[in-house]
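Have a look at the structure below, then the notes.
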Amino acid sequence: CAEWAGGLTVFFKGSQEECVRAAVGIVGKSGSGALSQSEMQDYLGPFLKAVTPEGTSGLRPILLQKAADRIWKDIGLDSSDSVSAEELTRWSKAGNNIMDILIETI
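This is how it looks when you write it as structure tokens:
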């Protein structure tokens, strides 16, 4: 589900915010339009899978946690908070990029 949702942001028409909102709506289990930190890791999973070799699957959970922590810190959240699609879009429009964060984390 998360891999399909991540594909929305790449292949479907719409603004960046519309694509992020759609993906967050699918990955977020609460239906609140926001992601918990563990749901953020689900959201980031397909992106991380795209930039890591197959043999590194054991490291992916650690890398996902570090990347989610970094995004939370950048946005100014603590671990109990959730991030909305709008906050994620603002973070991205401020010059941040999920792929850059993942590559720096690796």
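In terms of this note's numbering, the sequence shown is residues 886 to 991. Quick reminder that beta carbons are idealized off the backbone N, C-alpha and C, glycines included. The structure displayed is predicted, hence computed values, not measured ones.
>> To test your reading of the DSSP string, which unbroken alpha helix (DSSP H) runs of 4 or more residues are found completely within the region 901-989?
In response: Counting only runs that start and end inside the region 901-989, the alpha helix (DSSP H) elements of at least 4 residues fall at 901-912, 922-936, 945-960, 970-978.
>> Looking only at its chain, what residues have a beta carbon closer than 8 Å to the beta carbon of residue 987, apart from the 5 residues adjacent to it on each side?
In response: 929, 932, 933, 936, 948, 952, listed in sequence order.
> Under the rule that 16 or more other beta-carbon atoms within 10 Å means buried, what is residue 963, buried or exposed?
Replying inline: By the neighbour-count rule (16 or more Cβ atoms within 10 Å), residue 963 is not buried but exposed.
>> Would residue 906 and residue 918 be called neighbours here (beta carbons separated by less than 8 Å)?
In response: Contact: yes.
>> Taking a contact to mean a Cβ-Cβ separation below 8 Å, would you say residue 973 touches residue 912 in this structure?
In response: One thing to note: residue 973 has its Cβ no nearer than 8 Å to the Cβ of residue 912.
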